[in-house]
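Written out below as structure tokens is the structure these notes cover.
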Amino acid sequence: MKSFSILCSYVAGLAFVISGFLKLLDPIGTGFIMEEYFKFLHLGFLSGVSVAAGIVMSALEFILGGLMIVRFKMAFTSVAVLVLMGFYLILTLLLAVFNPPMDCGCFGEAVHLTHLQTLIKNAVLSLICLPPFFKRRSIEYTCRKWHLYYRLALIAVPVFAVPALSLSYRPFVDFTDFKPSSVIDDGYSGEADYSAAMSFIYEKNGERSVFALDNLPDSTWTYVETVTAPVASSSEEGTLLALRDLSGEYVSSLFDDERNMIISVHRPGAFSGEDWERVSRFADRLSACGFSVSIAVAADDAELAELSAVLHVPVCSGDYKTLITLNRSNGGFTYIANMSYPTVVEKWAYPMMDRVDPAEIADEDPDVMLMHATIRRGSFMRIVAFAYLLLIVI
Numbered sequence: 002m003k004s005f006s007i008l009c010s011y012v013a014g015l016a017f018v019i020s021g022f023l024k025l026l027d028p029i030g031t032g033f034i035m036e037e038y039f040k041f042l043h044l045g046f047l048s049g050v051s052v053a054a055g056i057v058m059s060a061l062e063f064i065l066g067g068l069m070i071v072r073f074k075m076a077f078t079s080v081a082v083l084v085l086m087g088f089y090l091i092l093t094l095l096l097a098v099f100n101p102p103m104d105c106g107c108f109g110e111a112v113h114l115t116h117l118q119t120l121i122k123n124a125v126l127s128l129i130c131l132p133p134f135f136k137r138r139s140i141e142y143t144c145r146k147w148h149l150y151y152r153l154a155l156i157a158v159p160v161f162a163v164p165a166l167s168l169s170y171r172p173f174v175d176f177t178d179f180k181p182s183s184v185i186d187d188g189y190s191g192e193a194d195y196s197a198a199m200s201f202i203y204e205k206n207g208e209r210s211v212f213a214l215d216n217l218p219d220s221t222w223t224y225v226e227t228v229t230a231p232v233a234s235s236s237e238e239g240t241l242l243a244l245r246d247l248s249g250e251y252v253s254s255l256f257d258d259e260r261n262m263i264i265s266v267h268r269p270g271a272f273s274g275e276d277w278e279r280v281s282r283f284a285d286r287l288s289a290c291g292f293s294v295s296i297a298v299a300a301d302d303a304e305l306a307e308l309s310a311v312l313h314v315p316v317c318s319g320d321y322k323t324l325i326t327l328n329r330s331n332g333g334f335t336y337i338a339n340m341s342y343p344t345v346v347e348k349w350a351y352p353m354m355d356r357v358d359p360a361e362i363a364d365e366d367p368d369v370m371l372m373h374a375t376i377r378r379g380s381f382m383r384i385v386a387f388a389y390l391l392l393i394v395i
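The numbering used here runs 1 ahead of the 1-based position in the sequence shown.
This is how it looks when you write it as structure tokens:
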């Protein structure tokens, strides 16, 4: 029974760690989820603190999950976890009954569950939390102080570092509808070609193999080329990115060029004159390197007209939530290449404008850049998983 309780402690802790970490990765997206919960609970007046509340709840899940894994202070930890699960059970039961048009957000933007699936998941997880609760005094892990400090540090550091870096720059891993590799539709999808599939050819020991973007090989393979092959039929649809020009018309030629860069400013009121000058200079550098540049702003007609008069590139307006989903950074820039169909290749945060060389981006094959971005995201998640595997076994 003791061994079973320890196993349940690991499983419950891992579920909490994964859930909390995925939400800490994207505090703005978690803030949107919290805002929906506030509205559902008729607490809309708390919307202004939704991001902060999301970070606190995510950190609580992550810390409690980590403490469950290391079985630290189980007399407190197991009770706190069970109380939190009880709250989640009641909340998800209400969601299952009333079925509001919102996502549960249990795993941030990474995994989407229906309200019924969420309720079942929480019920099962609550049952898993019971054995550690009943055996809480006998399964607590005792170790040397340095070992304890090392484990607590692995729990504490991401709680502060991950959301801080995500808010200052952008999330390490993007799970939104506009993540790299996403197909984009500007509202004129009838003119776009979605009937193609992209594959990557690698070579090892004289033999070549074909890999999909989500299943790239390890570093022992050598990249050869990218091929785009037609498919018989495709149900893939582009994610809508509809932007309006100064006249109020939708921009139909947004992705006509091979290399397109969209600088998105979802909070123009937070930008000073110096910020706009910086954006203008960077847009000029991009244009000089052959990019088709657009500046998308969440602004009304008067603000749009004012910006159009001072900026040297096309300025268009977009919905706030669309622009903050396109790029979490206020003033971030997103590379969309026309690879048979408009595809998000990479994103950068506003602070990177002075560190990124547009000429280097223009010289690199967008297929290769997208492949490298995919590998970096996968490497980051593997490093995180390895760190917390060490947390469990060492």
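Ideal Cβ positions, reconstructed from N, Cα and C, are used throughout, including at glycine.
A residue is called buried when at least 16 other Cβ atoms come within 10 angstroms of its Cβ; residue 147 does not meet this threshold and is exposed. For residue 129 and residue 4, the gap between their C-alpha atoms comes out near 13 Å. For residue 348, the uninterrupted beta strand (DSSP E) segment begins and ends at 342-349. Counting C-beta pairs closer than 8 Å gives three or more between the stretch 275-282 and the stretch 302-316, which meets the contact rule.
In the DSSP assignment, residue 209 falls outside any alpha helix (DSSP H) and within the unbroken beta strand (DSSP E) covering 208-212. By the CB criterion at 8 Å, residue 171 and residue 55 fall outside the cutoff.
Every alpha helix (DSSP H) of 4 residues or more that sits fully in the stretch 303-371 is shown, in chain order, as 321-327 and 359-364. Counting C-beta atoms within 10 angstroms of its own C-beta, residue 317 has 16 or more neighbours from the protein chains shown and is therefore classed as buried. Secondary structure within the stretch 45-81: the alpha helix (DSSP H) runs of 4 or more consecutive residues, fully enclosed, are 51-71 (chain order). Beta-bridge analysis with DSSP links residue 297 to 265 and 317. Here residue 43 is exposed, its C-beta having fewer than 16 other C-beta atoms within 10 Å. Residue 351 is a Cβ neighbour of residue 330, given a cutoff of 8 Å. As DSSP reads the structure, residue 184 sits in a beta bridge with 344. By the C-beta density criterion, residue 140 is buried, having at least 16 other C-beta atoms within 10 angstroms.
Nearest C-alpha to residue 343 among 322, 261 and 386: 261. Of all C-beta pairs linking the stretch 26-35 to the stretch 64-76, fewer than three are shorter than 8 Å, placing the two stretches out of contact. For residue 265, same chain residues with a beta-carbon under 7 Å away, outside a window of 5 residues either side, are 297, 324, 327, 328, 333 and 335 in chain order. The three-state secondary structure of residue 112, taken from DSSP, is strand.
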